[in-house]
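>
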Amino acid sequence: MVYLSDFIINAVIVSALSFLIIFLITPPFIKYLNKKGKTVVDYHKPGKPMIPRPAGPVILIGIVIAEIILYLLILDVKIISLLLTTIIAFFIGYIDDLKTMPGWFKPVTLILAAIPIIVLGSHGNYLGLIFDSAFIPLLYIPLILSMISIVGNTINSIDVFNGVASGFIIITMIPLLVSVLLFGNTNVFLMGLPLFFGVIAIYHYHKFPSKIFLGDSGTLLLGSMYAAISIAGNSEIIGVIALLPAVMNSFLFLSSVKKIVEHRQVKTRPVLLSDDYRLVASKESRAPATLVRLILAKGPLSEKEIINRILILGTFSSILSFISIVIQYSIMKGIISL
Amino acid sequence: MRLFGLFALILIMWSMIMIVSYFLIFIIGPLHINMFNNSTDKLISSIVKASLAIGLVVVLILLLGILKTKYLRKTLLKS
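Chains as they are written, first to last, in this note's numbering: chain A, 496 to 833; chain B, 1118 to 1196.
Next up, the structure:
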């Protein structure tokens, strides 16, 4: 148990460290990537500019340093498991950044990232199900293994436009952190702060128009760490509810193509680019269904307009997540009974 | 409003998660099977509960699939 003053000091230290490191080292890293020619085309903009990629390494450096300092301050083994999960997810994404891997690679290998959580016992045996908790010691293990992989890939699949993945994580982290504080513990809350403030820092460079792309290393790192925090903080369902638009995107895509494939491997594109650089939903019945295609169903939109709409959907699901927190907290405190 | 349909879809998904949670806690959770009146009953109860919980999640996914197909027909193919 930490005292309130210690808690606030620790929170300020880890938040500031993560934010400042990522905010300050990203500009030189952008220059480095440009110099090395590690750039990709931004297809949705006039002139098709080359954008450096990936931002994963800078996010990792900021978060790892902040979490190591936090470990020295509070000595909680959960930090080690969270760090290992994040680092494994980063390397899986980094391999995909360097060399395009088959569709099965990320979902299957991300299962490995869940192992530190299980081995170091960072999970509980109870699954919080809004109305109460369920004691599921055995079912919980496959749930953890699949959750890291699913959430990591879900965030990866929503990273289709400038600033969407980072903006989406910022919005959905707010109910998750509140839930962790109420239903988990203060240490896990502190562990979540470097992710939250680190993403705010990278959003400054990733937002429209992007100066850097996250890459698979960045998105898998963010998604896996989000999932690990929700598991360690007894907030799995709250975390999933906040992610509903992204979950819906993955579900729509998977149930349309009926197999696990990379988006770039799909022959019929769900969305087309018009001459005035507005995006149009494909009329092809064989084209996979995605969240963006559904947003565009009622007419073309610019990239910026689509980004705003995805973030509005993220805000809506986060509000639902807050409503779920209120219900769970009210039942827990006996304010309402069923 | 362009996003109205998607808001409704997310709201339905959330309602389904809440209903499944309610079922797991209040219907499946308290289930207890008395067959042999020894410790085997606890194991059987756990297996039955776990199977029902997994079945409920499968039903949830199937319902979401039906919902998705209907929504797609209504929006994409009409437009």
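The beta-carbon is built from N, C-alpha and C at its ideal position, and this holds for glycine as well.
Against A:Phe626, what residues of chain B qualify as contacts under a CB-to-CB distance less than 9 Å, listed in chain order?
Here residue 626 of chain A is taken as the residue at index 131 of the first sequence, counted from 1. The contacting residues are Met1135, Ser1138, Tyr1139, Leu1141, Ile1142 and Phe1143.
> Name, please, each residue of chain B whose Cβ falls closer than 8 Å to the Cβ of A:Ser812.
Numbered from its first residue, the first sequence carries residue 812 of chain A at position 317. Correct list: Ile1127 and Trp1131.
> Return the CA-CA distance between A:Ile646 and A:Ile587, expressed in angstroms with no decimal places.
Working through the first sequence from its first residue, we reach residue 646 of chain A at position 151. Working through the first sequence from its first residue, we reach residue 587 of chain A at position 92. One point to set straight first is that residue 646 of chain A is Val, not Ile, in the sequence displayed. When rounded, the distance between both Cα atoms is 14 Å.
> Taking A:Leu677 as part of the alpha helix (DSSP H), name the residues at either end of that continuous run.
Taking the first sequence and counting its residues from 1, one reaches residue 677 of chain A at position 182. Element bounds for A:Leu677: Val659 to Phe678.
> Quick one: give me the first and last residue of the alpha helix (DSSP H) that A:Arg843 is part of.
A query on residue 843 of chain A cannot be resolved here, the shown segment of chain A reaching from 496 to 833 and no further.
> Excluding sequence positions up to five away, which residues of its chain have a Cβ less than 7 Å from the Cβ of A:Val848?
A question about residue 848 of chain A goes unanswered here, because the residues of chain A that appear run from 496 up to 833.
> Starting from the beta carbon of A:Ala511, find every residue of chain B whose beta carbon is closer than 7 Å, and list them in chain order.
Taking the first sequence and counting its residues from 1, the one referred to as residue 511 of chain A is at position 16. Within chain B, no residue comes near A:Ala511; the closest Cβ sits about 34 Å away, beyond 7 Å.
> Helix, strand or coil for A:Val655 per DSSP?
Counting from one through the first sequence, the residue named residue 655 of chain A turns up at place 160. Correct three-state label for A:Val655: coil.
> Hey, does B:Arg1119 have any beta-carbon neighbour from chain A nearer than 7 Å?
Numbered from 1 along the second sequence, position 2 holds the residue referred to as residue 1119 of chain B. By this cut-off, B:Arg1119 is an interface position.
> Considering only DSSP beta bridges, list what B:Thr1186 is partnered with.
Taking the first residue of the second sequence as 1, we reach residue 1186 of chain B at position 69. Beta-bridge pairing links B:Thr1186 to no other residue.
> Tell me which residues of the region 726-744 of chain A have at least one Cβ-Cβ distance to chain B shorter than 9 Å, keeping chain order.
Listed in sequence order: Ile732, Val735, Ile736, Leu739, Pro740, Val742 and Met743.
> Any idea what DSSP makes of A:Ala841, helix, strand or coil?
Outside the shown range of chain A (496 to 833) lies residue 841 of chain A, about which nothing can therefore be said.
> What do you reckon, are the CB atoms on A:Leu739 and B:Met1130 nearer than 7 Å?
The residue labelled residue 739 of chain A in the question sits at position 244 within the first sequence. The residue labelled residue 1130 of chain B in the question sits at position 13 within the second sequence. Result yes, Cβ atoms of A:Leu739 and B:Met1130 sit closer than 7 Å.
> Assuming A:Thr580 and A:Ser745 make a contact with CB atoms under 8 Å, what is their CB distance in whole Å?
As a position in the first sequence, residue 580 of chain A is number 85, starting the count at 1. As a position in the first sequence, residue 745 of chain A is number 250, starting the count at 1. Contact flag wrong, Cβ pair sits at about 20 Å.
> Which complete alpha helix (DSSP H) runs does the region 585-640 of chain A hold, if anything under 4 residues is left out?
Listed in chain order, they are 600-614.
> For B:Leu1189, which residues in chain A fall below 7 Å Cβ to Cβ?
By one-based count along the second sequence, residue 1189 of chain B stands at place 72. Near B:Leu1189 (Cβ distances below 7 Å), the residues of chain A are Ala784.
> Considering only the alpha carbon of each residue, which of A:Ile733, A:Ile664 and A:Ile732 lies closest to A:Leu715?
Walking along the first sequence from the start, residue 715 of chain A turns up at place 220. Comparing Cα-Cα distances from A:Leu715 to each of A:Ile733, A:Ile664 and A:Ile732, the minimum goes to A:Ile664.
> Alpha carbon to alpha carbon, what distance is there between A:Ala511 and B:Phe1140?
Sequence index remark: in the second sequence, residue 1140 of chain B carries index 23 (1-based). Sequence index remark: in the first sequence, residue 511 of chain A carries index 16 (1-based). Each residue's alpha carbon lies about 43 Å from the other.
> Determine the chain B residues that contact A:Gly807 at a beta-carbon separation under 7 Å, and present them in chain order.
The residue labelled residue 807 of chain A in the question sits at position 312 within the first sequence. For the sequence presented, residue 807 of chain A should be read as Ile rather than Gly. Ordered by position in chain B, the residues that pass the 7 Å Cβ test against A:Ile807 are Leu1120.
> Go through its chain and collect everything with a Cβ distance to A:Arg764's Cβ below 7 Å, but skip five positions before and after it.
Walking along the first sequence from the start, residue 764 of chain A turns up at place 269. The residues are Ser777 and Ala782.
> Chain B partners of A:Ser825, CB-CB under 9 Å?
Residue 825 of chain A sits at position 330 when you count from the first residue of the first sequence. The contacting residues do not exist; A:Ser825 stays about 14 Å from chain B at best.
> Looking at chain A, is there any beta carbon in it that lies within less than 7 Å of the beta carbon of B:Leu1177?
Along the second sequence, one-based indexing puts residue 1177 of chain B at 60. No, because no Cβ of chain A sits closer than 7 Å to the Cβ of B:Leu1177.
> If distances are taken between C-alpha atoms only, which option among A:Pro549, A:Ser628 and A:Ile631 comes closest to A:Leu593?
For the purposes of this step, residue 593 of chain A is identified with residue 98 of the first sequence, where counting begins at 1. Of the listed residues, the one whose Cα sits closest to A:Leu593 is A:Pro549.
> Quick check: is the beta carbon of A:Leu634 nearer than 7 Å to any beta carbon in chain B?
Within the first sequence, the letter at position 139 stands for residue 634 of chain A. A:Leu634 counts as touching chain B.
> Assign A:Pro776 to one of three DSSP states: helix, strand, or coil.
Working through the first sequence from its first residue, we reach residue 776 of chain A at position 281. The question names Pro, yet the displayed sequence has Ala at residue 776 of chain A. DSSP places A:Ala776 in strand when its eight states are reduced to three.
> Looking at C-alpha atoms only, which residue of A:Gly794, A:Gln823 and A:Ile790 is the closest neighbour of A:Ile807?
If you number the first sequence from 1, residue 807 of chain A lands on position 312. The shortest C-alpha separation from A:Ile807 is found at A:Ile790.
> List, in order along the chain, the chain A residues whose C-beta lies closer than 9 Å to that of B:Leu1123?
By 1-based counting over the second sequence, the position of residue 1123 of chain B is 6. By Cβ distance, chain A contributes Pro740, Met743, Leu786, Leu789, Ile790, Arg804, Leu808 and Phe811.
> Run through the region 724-773 of chain A for me and flag every whole beta strand (DSSP E) of 3 or more residues, listed as ranges in chain order.
Correct list: 766-768.
> Give the interface partners of A:Leu749 over in chain B, defined as CB-CB distance under 9 Å, in chain order.
Indexing the first sequence from 1 puts residue 749 of chain A at position 254. Going along chain B, no residue has its Cβ under 9 Å from A:Leu749, so there is no contact; the nearest lies around 10 Å.
> Any contact between the region 624-635 of chain A and the region 814-829 of chain A? By contact I mean 3 or more CB pairs, one from each, below 8 Å.
These segments touch.
> Applying a beta-carbon distance threshold of less than 8 Å, which residues of chain A neighbour B:Leu1193?
The residue labelled residue 1193 of chain B in the question sits at position 76 within the second sequence. By Cβ distance, chain A contributes Ala776, Ala784, Arg788, Leu789 and Ala792.
> Measuring CB to CB, does A:Thr667 end up less than 7 Å from A:Ser813?
The residue given as residue 667 of chain A occupies position 172 in the first sequence. The residue given as residue 813 of chain A occupies position 318 in the first sequence. Contact flag set, yes.
> Look at the alpha carbon of A:Ile636 and the alpha carbon of B:Val1175, and state the distance between them as a whole number of angstroms.
In the first sequence, the residue the question calls residue 636 of chain A occupies position 141. In the second sequence, the residue the question calls residue 1175 of chain B occupies position 58. About 18 Å.
> How many Å lie between A:Val603 and A:Pro611 at the Cα?
The residue given as residue 603 of chain A occupies position 108 in the first sequence. The residue given as residue 611 of chain A occupies position 116 in the first sequence. Rounded to the nearest angstrom, the two C-alpha atoms are 16 Å apart.
> Given 8 Å as the limit, is there contact between the region 694-702 of chain A and the region 559-572 of chain A, that is, 3 or more CB pairs closer than that?
Judged by Cβ distances under 8 Å, the region 694-702 of chain A makes no contact with the region 559-572 of chain A, as fewer than three pairs qualify.
> To the nearest angstrom, how far is the alpha carbon of A:Ile564 from that of A:Ile736?
In the first sequence, residue 564 of chain A corresponds to position 69, counting from 1. In the first sequence, residue 736 of chain A corresponds to position 241, counting from 1. Looking at the two C-alpha atoms, the distance is approximately 31 Å.
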